[in-house]
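Input: a single structure, listed below in structure tokens.
There are 2 protein chains.
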Amino acid sequence: MASNIFLFWGSGSPPCWKPLIVLEEKGLTYGQKLISFSEKEHKGEDVMKLNPRGQVPTFRDGDTIVNESGAICDYLEYKYKDQGCCLMPEDPEVRGKVLQRVHETQNLNKALIEGVVYYQFRTKEDAIDEKYLNSKKKEATEELLRWEGYLEKEGPESYIVGKDFSMADVFVFPILAFGVRGKLDLAPFPNLDSYYKRLVERPSIKATWPPHWKESEGKDFFKGV
Amino acid sequence: MASNIFLFWGSGSPPCWKPLIVLEEKGLTYGQKLISFSEKEHKGEDVMKLNPRGQVPTFRDGDTIVNESGAICDYLEYKYKDQGCCLMPEDPEVRGKVLQRVHETQNLNKALIEGVVYYQFRTKEDAIDEKYLNSKKKEATEELLRWEGYLEKEGPESYIVGKDFSMADVFVFPILAFGVRGKLDLAPFPNLDSYYKRLVERPSIKATWPPHWKESEGKDFFKGV
Numbered sequence: 145m146a147s148n149i150f151l152f153w154g155s156g157s158p159p160c161w162k163p164l165i166v167l168e169e170k171g172l173t174y175g176q177k178l179i180s181f182s183e184k185e186h187k188g189e190d191v192m193k194l195n196p197r198g199q200v201p202t203f204r205d206g207d208t209i210v211n212e213s214g215a216i217c218d219y220l221e222y223k224y225k226d227q228g229c230c231l232m233p234e235d236p237e238v239r240g241k242v243l244q245r246v247h248e249t250q251n252l253n254k255a256l257i258e259g260v261v262y263y264q265f266r267t268k269e270d271a272i273d274e275k276y277l278n279s280k281k282k283e284a285t286e287e288l289l290r291w292e293g294y295l296e297k298e299g300p301e302s303y304i305v306g307k308d309f310s311m312a313d314v315f316v317f318p319i320l321a322f323g324v325r326g327k328l329d330l331a332p333f334p335n336l337d338s339y340y341k342r343l344v345e346r347p348s349i350k351a352t353w354p355p356h357w358k359e360s361e362g363k364d365f366f367k368g369v
Numbered sequence: 145m146a147s148n149i150f151l152f153w154g155s156g157s158p159p160c161w162k163p164l165i166v167l168e169e170k171g172l173t174y175g176q177k178l179i180s181f182s183e184k185e186h187k188g189e190d191v192m193k194l195n196p197r198g199q200v201p202t203f204r205d206g207d208t209i210v211n212e213s214g215a216i217c218d219y220l221e222y223k224y225k226d227q228g229c230c231l232m233p234e235d236p237e238v239r240g241k242v243l244q245r246v247h248e249t250q251n252l253n254k255a256l257i258e259g260v261v262y263y264q265f266r267t268k269e270d271a272i273d274e275k276y277l278n279s280k281k282k283e284a285t286e287e288l289l290r291w292e293g294y295l296e297k298e299g300p301e302s303y304i305v306g307k308d309f310s311m312a313d314v315f316v317f318p319i320l321a322f323g324v325r326g327k328l329d330l331a332p333f334p335n336l337d338s339y340y341k342r343l344v345e346r347p348s349i350k351a352t353w354p355p356h357w358k359e360s361e362g363k364d365f366f367k368g369v
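Those protein sequences? They're chains Z and C, same order as listed. The first sequence begins at 145 in our numbering and counts up by one. The second sequence begins at 145 in our numbering and counts up by one.
Structural data, given as structure tokens:
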């Protein structure tokens with residue numbers, strides 16, 4: 145059956161990866177275009193027409209256009225709630241916990257990606273302020289320890305919230321994988337390490353693995369975390 | 145009836161104001177404590193026990209603890225969906241639009257609050273880089289023009305999405321009001337101006353107006369926007 149769903153996305157971008165995982169978990173058929181950031185395809189006419197901000201993800205489902213990553217995930221889970229994996233538990237208490245962890249990934253994103261990776265990515269090598277970078281690495285370690293504690297509390301073989309994969313995992317995994325791509329060593333965080341290794345084998349994640357990550361190695365951003 | 149709902153909040157903080165508006169729109173009874181940032185009460189034992197990050201909002205509903213602002217709003221709307229005002233429309237297309245605008249407020253927040261207000265708030269007066277500040281004010285103007293366009297498209301007397309107040313308004317209004325408190329002049333944005341004036345009179349907003357805003361005037365942060 146032809147699908148009305150179409151996603152423009154960029155390889156390795158956590159905001160793009162999240163809706164891809166949801167589409168796979170829901171078993172939905174979708175059209176897609178992988179855009180090249182270096183070719184500035186996110187400013188191309190086909191994207192701009194749907195998303196005047198010129199960003200990916202850019203998403204449509206028939207006439208419904210949704211472009212913010214978290215909004216796409218929520219939209220898909222709500223509209224297709226009876227299809228595939230249920231990502232938002234119905235019990236309000238469990239759902240509250242999933243929502244809390246989903247929104248809390250802003251902190252994980254800020255500590256790992258903005259604080260450590262983007263700072264080094266955007267600063268010329270000889271202009272790196274080592275003292276500042278070390279303070280950011282310390283914040284990343286502290287943030288990782290929080291999530292390590294959450295998994296510890298959930299018990300062995302758990303997901304971020306309980307025994308079922310949920311929207312919290314959709315939000316956490318791409319950020320964690322972005323770190324690992326940047327040589328973040330998870331060995332000092334045994335629960336995160338085991339969680340990461342299990343998730344890597346999940347079909348929705350294998351199917352959406354950033355293509356350019358398969359072809360080249362990432363840079364080392366996380367020494368000392 | 146005694147309520148199991150309790151919220152710790154700070155006056156004028158948009159992340160705290162959002163759940164307060166939702167509680168009022170839902171007509172829920174709730175306990176609350178207004179914390180003082182200057183007295184560092186957000187690091188107090190009662191907050192830290194529920195929220196180890198030591199931030200407000202901090203929220204509980206019986207045994208369910210939810211502390212991220214957006215998560216609290218989602219949680220309340222879901223658990224109490226049949227009470228008071230419906231903030232998340234059931235139709236998937238309209239809901240998709242509300243979700244899009246809700247998540248898009250990150251951009252409004254970044255442009256108005258982080259870019260313009262916090263930069264000036266955190267920088268010593270003689271260290272302000274006027275060129276940088278002007279570029280941030282320009283970004284704020286551009287972002288306001290986007291939202292002005294959204295309202296224009298919705299037509300006269302509209303809310304952010306259509307003719308009904310929704311979660312999108314819960315997310316937009318506190319940021320806009322934060323700007324107006326900082327002397328943002330909405331006259332060049334007639335739709336936003338009329339929207340703001342209507343919302344100021346809404347009972348849920350009057351009931352939750354930041355107490356310290358009634359007592360003192362804000363600083364001028366937005367000259368030239």
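Cβ atoms here follow ideal geometry from the backbone N, Cα and C, with glycine treated the same way. This one's a predicted model, so the numbers in the text were calculated from it and none came from an experiment.
Let me know the secondary structure DSSP gives Asp-205 (chain C) once reduced to three states. strand
My parser needs the alpha helix (DSSP H) runs of 4 or more residues fully inside the segment 260 to 317 of chain C; what are they? 263 to 266 and 274 to 298
Determine the burial state of His-356 (chain C): buried for a count of at least 16 other Cβ atoms within 10 Å of its Cβ, exposed for fewer. exposed
Distance, Ser-302 (chain Z) Cα to Lys-282 (chain C) Cα: 47 Å
Would you say Cys-160 (chain C) lies against chain Z (beta-carbon separation less than 8 Å)? no
Could you check whether the segment 284 to 292 of chain Z touches the segment 251 to 259 of chain Z, counting it as contact only if at least three pairs of C-beta atoms, one from each stretch, sit closer than 8 Å? yes
Short CB-CB distance (under 8 Å) between Ala-215 (chain C) and chain Z: yes
I'd like to check one pair, Val-200 (chain Z) with Val-191 (chain Z): are the Cβ atoms closer than 8 Å? yes
Among the residues of its own chain, which have a CB less than 6 Å from the CB of Ile-304 (chain C), if the five just before and after it don't count? Arg-245, Ala-312, Asp-313 and Val-316
Please classify Glu-169 (chain Z): is it buried, with 16 or more other beta-carbons within 10 angstroms of its beta-carbon, or exposed? buried
With DSSP collapsed to three states, give me the class of Lys-177 (chain Z). strand
Among the candidates Z:Cys-229, Z:Gly-362, Z:Val-260 and Z:Glu-292, whose CA atom is the shortest distance from the CA of Tyr-340 (chain Z)? Z:Glu-292
Between which two residues does the beta strand (DSSP E) carrying Leu-151 (chain Z) extend? 149 to 154
My output table needs one value for Val-191 (chain Z): the three-state DSSP class, helix, strand or coil. helix
For a contact meaning CB atoms closer than 7 Å, what does Leu-243 (chain C) contact in chain Z? Val-210, Ala-215, Asp-218 and Tyr-219
Length of the line joining the Cα atoms of Glu-296 (chain C) and Pro-334 (chain C): 9 Å
What are the start and end residues of the alpha helix (DSSP H) that includes Trp-353 (chain C)? No alpha helix (DSSP H) contains Trp-353 (chain C), which DSSP labels as neither H nor E.
Report the rounded CA-to-CA distance for Pro-318 (chain Z) versus Ser-360 (chain C), giving the unit in angstroms. 45 Å
In chain Z, what lies closer than 7 Å to Glu-248 (chain C) by C-beta? Glu-212
In the DSSP assignment, what are the bridge partners of Val-242 (chain Z)? For Val-242 (chain Z), which the question treats as bridged, DSSP gives no partner whatsoever.
Does the CB of Glu-286 (chain Z) have a neighbour CB from chain C at under 8 Å? no
Pull the bridge partners of Val-210 (chain C) from the DSSP assignment, please. C:Phe-203
Does the segment 176 to 190 of chain Z touch the segment 216 to 228 of chain C, meaning 3 or more C-beta pairs lie closer than 8 Å? no
Cutoff 8 Å; reference Leu-336 (chain C); Cβ partners in own chain excluding five residues on either side: Leu-288, Trp-291, Glu-292, Leu-295, Leu-320 and Leu-330
Coil, strand or helix - Tyr-222 (chain Z) by DSSP: helix
Name the residue from Z:Lys-275, Z:Gly-214 and Z:Leu-231 whose alpha carbon lies nearest to the alpha carbon of Lys-247 (chain Z). In the sequence as displayed, the identity of residue 247 (chain Z) is His instead of Lys. Nearest C-alpha to His-247 (chain Z): Z:Gly-214.
Measuring straight from C-alpha to C-alpha, what distance separates Phe-309 (chain Z) and Lys-162 (chain Z)? 13 Å
Taking CB distances under 8 Å as the criterion, tell me whether Pro-163 (chain C) reaches chain Z. no
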